[in-house]
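So the number in my numbering is just where the residue sits in the sequence shown, counting from 1, plus 2.
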Amino acid sequence: MRLCLSAAVAGGKLSSLMSKFAGGRGSSLPGVVARRIYPHALRELSTQGKKGIIMVTGTNGKTTTNNMLAKVIEADGHRVIYNEEGANLITGVTACFVRYSTLTGKVEFDYASLEVDEASFPKVVKEVQPNIVVVTNFFRDQLDRYGELDKTVQVVRDSLKELKDVTLVLNADDPLVAQLGVTTGHNAVYYGIAQQQGMERAVAQTRESRFCPQCGAELQYKYYHYSQLGDYSCESCDFKRPRPDVEGSEINITEGTYIAEVCHSGECSSLNLHTTGFYNLYNGLAAFAVGRILDIDLTTIQEGLKMYSPGIGRMERFRYNEKPCFLNLVKNPTGYNEGLATLLSLPGTKDVFMALNDNAADGRDISWIWDVDFEILAKHQQELEHFICSGTRAEEIALRLKYAGVPTTKINIIRELGDAIPAVLQGEGETVYFFSTYTALWPSQRILGSLAEKEGQHAVGMSSVS
């Protein structure tokens, strides 16, 4: 068995080197190779931890939440392994352990913090037993791959029911997530955001959940934060937003930093996130909640969150001839809407790059772009200079902008990324904002990185919901 595991690890590491030599990322291939050589590789590697395994799943915010959490655990002096780049299928999770393993198949770690794709969650938990599972939210995402949203929720719920001795960390503001505390029977810790005067989000957004998950009656809301996230209750049964164990309130935004009061077990403290983008508050609160479960003190949690730096496509910041540039991954209507909200919060004029691919990893069905609130762009025409549409489905995103009311004189189609990115950088806007679907993200990042200077610590550290 040990010989098989060693061979699997060696094969995985070799494939990673070969992939990177060929210009690839090598983030999932080592897992593919290791599993082909020895199918039990993940199971055996994951059992070597000293303290526990944490998983983060859900539609949006997995990568950011997981990476924030890893920094919090590291700040407490523990050795943590995590899939930082967001390779979250079972092959990516396997690759994560292979990367940290010695050639003899030994992995030294206290905690593993693993981002796990919702559709892959059942497969992963059959091989890896988590102690804590964070569920961020549920939104429609790649309908041709995941199917209807109810199916995704059911897949995660059924898998959670089969686990033993697990603590759930759930978003209280999402009714689709909050229900898991009741339907799975597990101990649950809830996090959420209190009502913020003057910060209610636009009600025109698509709501993924209008009906009670217990009885099917229409939910009533006191307020929304965005999409279906807010304070809800059902008048036909007892289902309602659970009282958060960790709750953010008194939110202020100062020079690219979100400052919020966070209360837990009657104790309140100030939480500083060097990010903008409302959704990062949820990511930070989830990491905070797990930190408290692990008995990490408040000061250490804060230090860990300060160490966090956004990953690739999570509002990466570049500078081109003193012009700020932001690269953001988008993959579903809710994420795109939050990206647009962040775009419009930036001062000055902007040029906008939109890459839309329909490869397997993106989702073949691109009809979701018609649920994005692009109409909001038409209301801000004076600050938006030009739109460059690129990727395999560039024409479709351009058509969507036209129907949203964006003047056609401001829309240009340049299918090839290598031509489109230099063109948008040469625009007249004071800032350039890049939206990219998954398979266009890495090529866009490489091209942008060759033309512009990457800002290592993301001084304005803005958020992505991915």
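All C-beta atoms in this analysis are idealised placements derived from N, C-alpha and C, irrespective of residue type, glycine included.
With 16 other Cβ atoms within 10 Å as the buried cut-off, status of residue i
i, result
"Lys333", "buried"
"His266", "buried"
"Gly33", "buried"
"Phe320", "buried"
"Leu5", "exposed"
"Pro132", "buried"
"Ala180", "buried"
"Ser17", "buried"
"Glu324", "exposed"
"Ala204", "Because the pLDDT of Ala204 is 47, which lies under 50, any placement of that residue in the model is unreliable, and the number read from its coordinates should be weighed accordingly. By the 10 Å Cβ count, Ala204 comes out exposed."
"His227", "buried"
"Asn254", "exposed"
"Asp146", "Its pLDDT being 45, under 50, Asp146 is placed unreliably by the model, and the measurement read from it follows with that caveat. Exposed, because fewer than 16 other Cβ atoms sit within 10 Å of the Cβ of Asp146."
"Asp175", "buried"
"Cys217", "exposed"
"Met57", "buried"
"Gln2", "Examination of residue 2 is not possible in this model, given that the chain is present from 3 through 468 alone."
"Ser30", "buried"
"Arg294", "buried"
Cβ-Cβ distance between residue i and residue j below 7 Å
i, j, result
"Val74", "Gly341", "no"
"Ala291", "Val171", "yes"
"Gly51", "Ala114", "yes"
"Leu287", "Tyr193", "yes"
"Phe140", "Val155", "yes"
"Ala196", "Glu249", "yes"
"Asp364", "Tyr440", "yes"
"Gln222", "Ser235", "yes"
"Asp375", "Ile368", "no"
"Ala454", "Tyr322", "yes"
"Val118", "Thr65", "no"
"Val408", "Phe355", "no"
"Asp78", "Thr302", "yes"
"Ser251", "Glu263", "yes"
"Gly54", "Asn285", "no"
"Arg159", "Phe111", "no"
"Thr186", "Ile134", "no"
Residues near residue i in its chain [Cβ-Cβ closer than 8 Å; skip 5 each side]
i, result
"Gln459", "Model confidence at Gln459 stands at a pLDDT of 45, short of 50, so the residue's coordinates are unreliable and nothing is read from them."
"Arg45", "Glu129 and Val130"
"Val157", "Glu120, Ala121, Phe123 and Pro124"
"Cys239", "Cys214, Gln216, Cys217 and Ala219"
Cβ neighbours of residue i in the same chain (closer than 6 Å, five flanking residues each side left out)
i, result
"Lys224", "Asp233"
"Lys15", "none"
"Glu387", "Thr351, Asp353, Gly429, Glu430 and Gly431"
"Ile39", "Ala9, Ala10 and Gly13"
"Met309", "Lys73"
"Pro396", "Before going further, note that residue 396 is Ala rather than Pro in the sequence given. Closer than 6 Å at the Cβ level, and outside the excluded window around Ala396, lie Ile415 and Arg417."
Residue i in three-state terms, based on DSSP
i, result
"Ala174", "coil"
"Val292", "helix"
"Gly407", "coil"
"Thr302", "helix"
"Ala204", "Summary for Ala204: the model assigns pLDDT 47, below 50, so the residue's position carries little reliability; its value from the coordinates is reported in the next sentence. Coil at Ala204, not helix or strand."
"Arg38", "helix"
"Asp146", "With a pLDDT of only 45 at Asp146, under the threshold of 50, the placement of this residue in the model should not be trusted; the figure read from the coordinates follows. Three-state DSSP puts Asp146 in a helix."
"Ser18", "helix"
"Lys128", "helix"
"Gly194", "strand"
"Ala77", "helix"
"Pro335", "helix"
"Tyr226", "strand"
"Thr169", "strand"
"Pro246", "coil"
"Lys456", "strand"
"Ile83", "strand"
"Glu252", "strand"
"Arg395", "coil"
"Tyr310", "coil"
"Ile423", "helix"
Residue-chain proximity (residue i, chain B), Cβ-Cβ < 7 Å
i, result
"Val11", "This model lacks chain B altogether, as it is built from one protein chain only."
Contacts around residue i, its chain only, beta-carbon distance under 7 Å, and the 5 residues preceding and following it disregarded
i, result
"Thr410", "Lys404"
"Gly420", "Ile449"
"Val100", "Val11, Gly14, Lys15, Pro32, Gly33 and Ala36"
"Ile399", "Met356, Leu358, Ile371 and Cys391"
"Pro177", "Ser211, Pro215, Leu221, Gln230 and Tyr234"
"Ser161", "Phe123, Pro124 and Val127"
"Asp299", "none"
Cβ-heavy atom distance, residue i to the ligand MG, below 6 Å
i, result
"Trp372", "This structure simply doesn't include the ligand MG, nor any ligand for that matter."
Would you call the stretch 85–92 and the stretch 118–125 in contact, with 3 or more CB pairs under 8 Å?
-> In this structure the stretch 85–92 lies against the stretch 118–125, because at least three pairs of beta carbons, one per stretch, are closer than 8 Å.
So, do the stretch 389–398 and the stretch 412–428 have three or more beta carbon pairs nearer to each other than 8 Å?
-> Flag = yes, the stretch 389–398 and the stretch 412–428 touch.
Specify whether the stretch 434–452 and the stretch 320–333 touch according to this definition: at least 3 beta carbon pairs, one from each stretch, less than 8 Å apart.
-> These segments touch.
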